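In the working numbering, the protein residues as written are 138 to 725.
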Amino acid sequence: MKSFLKTVLACLVGIIIAGFLFIFGLISMIGAAVSMVGEDTGIKENSVLFLDLDGAVSERADENPFASVMGDKLKVYGLDDILASIKEAKRNSSIKGIYLQAGLMEASPASLEEIRGELASFKESGKFVVAYGDQYSQGLYYLATVADKLIVNPEGSIGWHGLAAQPVFFKGLLDKLGVEMQIFKVGTYKSAVEPFIATEMSDANREQVAEYVGSTWNDMVNAVAQSRNISPKELNGYADRYMDFCQAEEYIKCGLADTLLYKDGVMEYLKGLVGAGSDEKLELATLDDVKEKIKVDNAVGSIGKDEIAVYYAFGEIDASMSTEEGINSKKVMKELRELREDKNVKAVVLRVNSPGGSAFGSEQIWREVVLLKKAKPVVVSMGDYAASGGYYISCAADCIVANSTTLTGSIGIFGMFPVAEKLLKEKAGLDFDVVKTNKMSDLGSFSRSFNQEEKAVMQNYVNDGYDLFLKRCADGRGMSVEDIDKVGQGRVWTGSRAKELGLVDEIGDLDKAIGIAAEKAGLTEYHVRACPDAGNFMTKLLEANEDDYMETLARKTFGDYYGCIRFVRNIRNYDPVQARMPFELNMR
Numbered sequence: 138m139k140s141f142l143k144t145v146l147a148c149l150v151g152i153i154i155a156g157f158l159f160i161f162g163l164i165s166m167i168g169a170a171v172s173m174v175g176e177d178t179g180i181k182e183n184s185v186l187f188l189d190l191d192g193a194v195s196e197r198a199d200e201n202p203f204a205s206v207m208g209d210k211l212k213v214y215g216l217d218d219i220l221a222s223i224k225e226a227k228r229n230s231s232i233k234g235i236y237l238q239a240g241l242m243e244a245s246p247a248s249l250e251e252i253r254g255e256l257a258s259f260k261e262s263g264k265f266v267v268a269y270g271d272q273y274s275q276g277l278y279y280l281a282t283v284a285d286k287l288i289v290n291p292e293g294s295i296g297w298h299g300l301a302a303q304p305v306f307f308k309g310l311l312d313k314l315g316v317e318m319q320i321f322k323v324g325t326y327k328s329a330v331e332p333f334i335a336t337e338m339s340d341a342n343r344e345q346v347a348e349y350v351g352s353t354w355n356d357m358v359n360a361v362a363q364s365r366n367i368s369p370k371e372l373n374g375y376a377d378r379y380m381d382f383c384q385a386e387e388y389i390k391c392g393l394a395d396t397l398l399y400k401d402g403v404m405e406y407l408k409g410l411v412g413a414g415s416d417e418k419l420e421l422a423t424l425d426d427v428k429e430k431i432k433v434d435n436a437v438g439s440i441g442k443d444e445i446a447v448y449y450a451f452g453e454i455d456a457s458m459s460t461e462e463g464i465n466s467k468k469v470m471k472e473l474r475e476l477r478e479d480k481n482v483k484a485v486v487l488r489v490n491s492p493g494g495s496a497f498g499s500e501q502i503w504r505e506v507v508l509l510k511k512a513k514p515v516v517v518s519m520g521d522y523a524a525s526g527g528y529y530i531s532c533a534a535d536c537i538v539a540n541s542t543t544l545t546g547s548i549g550i551f552g553m554f555p556v557a558e559k560l561l562k563e564k565a566g567l568d569f570d571v572v573k574t575n576k577m578s579d580l581g582s583f584s585r586s587f588n589q590e591e592k593a594v595m596q597n598y599v600n601d602g603y604d605l606f607l608k609r610c611a612d613g614r615g616m617s618v619e620d621i622d623k624v625g626q627g628r629v630w631t632g633s634r635a636k637e638l639g640l641v642d643e644i645g646d647l648d649k650a651i652g653i654a655a656e657k658a659g660l661t662e663y664h665v666r667a668c669p670d671a672g673n674f675m676t677k678l679l680e681a682n683e684d685d686y687m688e689t690l691a692r693k694t695f696g697d698y699y700g701c702i703r704f705v706r707n708i709r710n711y712d713p714v715q716a717r718m719p720f721e722l723n724m725r
């Protein structure tokens, strides 16, 4: 009887939840329809595109419906939306300029480079770009220096202090827990394993990090020097002074900014630029306003045109340790297969923004790229990262385009197996015994270390994986395995260095990659389609996982330390054989 009542109760609860979701979705759709009827969604004359740079930049924005339901205000901007909106502002006669409001935006150097490049292109139309900030982070200052006028709050600050790459080392934590990581790797510079077995960087790792951090910083300094007419030597001198804590007047004296104004003064200045009186309202077009305009135009303009598909592959590859949803190799394979079979798609741009992940998953995606390339041109556009597994899935393309500050290469393989013998026996008081049919039947057991024979088996497996990686890269780039090995060994390169070494064909952004794809496909008129489809609100609500939302909140709360917490929680499920780069740059 109790079992029957439990079943009935469970059914009732399920029906109530399903009903709630249906009603909520219906109300949302009705509300959206009413708001569209009652509101002018057009962009008004003499408008200024308002880019409020506060939040985080992702390759594509994919808002989790649970955030909306729970009223959370996490801002995640899609890089694709930002770039498309700037393009629309350039060609839209109603928009007279762009107003950048610098906040606390998290973005990697390559994303900032792409936005900055698009803003520079926007200025070619003769329209203005004005930047204002209370506190400019260093990354947003680099971005904002492209503006015609750079304004700082009279009590504000500008971040300018140089770059740092600071890995977190887990070894001390693992020692306290009684967990040891057994490492099998190929590549002198393959440093992704170092945080688990060391407390500081190896000499080889320090060498490669110094090179790509220095290369990225030099690119930023040279760009700012050109925009602000300040020599690189002076800018480095200012960075050594740590300009973040200066009085605002000092920024004007140094030439880092043009003027000091409070927010109301900025609004008055913008009114003057568009010819509006002080008693008139300044028309600001938001990112959402422009996105809606683009959506309507695309729906009309795409009819009957050949397509270039831009397929977005971003995040870690099949990695349970990822802090984002990441790249699911099976899903990517299926969708690339569909693009191969789609007769309307004449070329594919594979947009890769990945630090790598599962070596096996990377190989499967590589295979689909090879098959796709046989059917139509494939061009890779690299974002912030296309390293290790991210480079693996890129190397077979007809052409590879990267930003100068993209982090790529890291051609290497490692295997990592946790052993919790001390944790289980000494701390938890557990004992283990085993009955097995063969010598290595219990290889990989969480309760004991590998013996010498098992270690040899694993190292050979990893060596074979590296040899295959080298061959894939050599075949794709038209180079010898020996030459790839010289620039491989797990070493990370910036996009500009990768071009010099033959790992990349062109330096440029996504638009350049699309142009190359069109040329290879012989297209003069075409429609660009982003893949996979983003989906609507109800689809996302039905497919969303509340765990994804909680992961986002945890990442926001714990910041740089979130990786440690997630590592400990998921240590048993970690994919043991990886092709992944070590860590990220600190752009604060």
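We put the CB at the ideal spot given by N, CA and C, even for glycine.
Computed from a prediction, not measured in an experiment: that's the story for all the values here.
Using only alpha-carbon positions, find the residue among the options that is nearest to residue i.
i	options	result
Ser518	Lys442, Ala534 and Trp630	Ala534
Pro369	Ile334, Trp297 and Tyr529	Trp297
Ser222	Ala239, Gly639, Ala244 and Leu188	Leu188
Gly240	Asp642, Lys212, Gly179 and Glu662	Lys212
Lys264	Lys233, Leu410, Leu287 and Ala413	Lys233
Gly463	Leu508, Ser195 and Asn342	Ser195
Val289	Tyr279, Ala302, Asp271 and Phe606	Asp271
Leu314	Gly409, Phe333 and Glu453	Phe333
Ser491	Leu190, Leu277 and Gly526	Gly526
Ile454	Arg488, Tyr448, Ile502 and Ser415	Ile502
Ile295	Phe307, Ala301 and Thr282	Thr282
Asp285	Tyr448, Ala301, Ile235 and Asp648	Ile235
Gln275	Val411, Phe306, Glu337 and Glu243	Glu243
Gly392	Ser352, Tyr278 and Asp670	Tyr278
Can you give the Cα-Cα distance for residue i and residue j, rounded to whole angstroms?
i	j	result
Trp630	Gly254	21 Å
Gly549	Ala524	10 Å
Ala422	Asn366	31 Å
Leu186	Arg228	12 Å
Ala655	Gly581	49 Å
Met577	Asp568	20 Å
Glu387	Leu372	14 Å
Ala268	Leu310	44 Å
Lys312	Thr396	A quick correction: the sequence has Asp, not Lys, at residue 312. Near 53 Å, if we compare the C-alpha coordinates of Thr396 and Asp312.
Glu331	Pro304	9 Å
Asp622	Leu607	7 Å
Asp377	Ala193	27 Å
Pro291	Val316	52 Å
Gly652	Ser531	18 Å
Lys471	Cys610	23 Å
Phe382	Leu287	18 Å
Gly293	Ile180	32 Å
Glu478	Lys513	10 Å
Val665	Glu444	6 Å
Ser586	Ala484	50 Å
Ala257	Gln238	17 Å
Gly566	Lys559	9 Å
Asp601	Asp642	28 Å
Asp217	Lys592	45 Å
Leu190	Ser495	33 Å
Arg634	Ser541	8 Å
Val358	Ala301	14 Å
So is residue i buried or exposed if we call it buried at 16+ other beta carbons inside 10 Å?
i	result
Gln384	exposed
Arg726	Missing from the structure shown is residue 726; the chain here goes from 138 to 725 and no further.
Asp426	buried
Tyr379	exposed
Ala446	buried
Asn597	exposed
Ala557	buried
Asn481	exposed
Arg488	buried
Lys511	exposed
Phe203	Since pLDDT at Phe203 reaches only 49, below the 50 mark, its modelled position is unreliable, and the value read off the structure follows with that caveat. Buried: at least 16 other Cβ atoms inside 10 Å.
Assuming residue i contacts residue j under a Cβ cut-off of 8 Å, what Cβ separation, rounded to an integer in Å, is found between them?
i	j	result
Glu225	Ile431	5 Å
Val506	Val516	The Cβ separation is near 11 Å, so there is no contact.
Val323	Val599	6 Å
Ile320	Met553	6 Å
Phe306	Ala329	With a Cβ gap of about 12 Å, Phe306 and Ala329 do not count as contacting.
Below 7 Å, is the gap between the Cβ of residue i and the nearest heavy atom of the ligand GDP?
i	result
Glu387	Here there are no bound small molecules, and the ligand GDP is not part of this structure.
Only counting runs of 4 or more residues, tell me where the alpha helix (DSSP H) segments fall wholly within the segment 613 to 682, in order along the chain. 618 to 624, 632 to 638, 647 to 658 and 674 to 680
In chain order, which continuous runs of the beta strand (DSSP E) of length 3 or greater are located wholly inside the segment 216 to 261? 232 to 239
Taking only runs of the alpha helix (DSSP H) that begin and end inside the segment 520 to 550, which ones reach a length of at least 4 residues, in chain order? 526 to 529
Which complete beta strand (DSSP E) runs does the segment 462 to 492 hold, if anything under 3 residues is left out? 482 to 491
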